[in-house]
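Let me begin by presenting the structure, written as structure tokens, before commenting on it.
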Amino acid sequence: MKKHCSRCGLQFERDHGYWVGAVIINTTVIFATFLVVFGGMVLLTFPDVPWVTVLIVTALANIVIPIVFYPISKSLWSSMELSWHPLEPHEIERADNRVAG
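As numbered in our numbering, residues 15 to 115 make up the sequence shown, in order.
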């Protein structure tokens, strides 16, 4: 990932540990996905649950979805964090200087 936006000059990682929020969002989505996939498969196939199939499908979902969703979680986190903590004047000045050259 680039350190700065090539269009507006914004530094993406505003502080040390900035992306912890994105990891929390990603983890929450994965946990919810697991519950929906596992619970749905068990409910749909009860009482003869194919446990090997359930294991394989939930394992694949828990491997693929975090990889696919992580860039989205970073975008979500950035937008949420910017709405809670708008850019400070020095951050705006640095971004303007990057764009200007």
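Note that beta-carbon positions come from the ideal geometry of N, C-alpha and C, so glycine has one too.
Item	Value
Any heavy atom of the ligand GTP within a distance shorter than 7 Å of the CB on residue 114?	In the structure on display, the ligand GTP does not appear, and there are no ligands present to speak of.
What is the residue span of the alpha helix (DSSP H) that residue 100 lies within?	It is not in any alpha helix (DSSP H) - residue 100 carries neither H nor E in the DSSP assignment.
In angstroms with no decimal places, state the Cα-to-Cα distance between residue 40 and residue 80.	6 Å
Taking the alpha-carbon positions, what's the residue 92 to residue 109 distance?	16 Å
Rounded to whole angstroms, what's the CA-CA distance from residue 94 to residue 82? Just pull it up for me.	20 Å
With residue 75 and residue 51 assumed to form a contact (beta carbons below 8 Å), what rounded beta-carbon distance in angstroms separates them?	5 Å
Who are the Cβ neighbours of residue 36 in its own chain at under 6 Å, not counting the five residues just before and after it?	87, 88, 91
So the candidates are 60, 64, 22; which of them puts its Cα closest to the Cα of residue 101?	22
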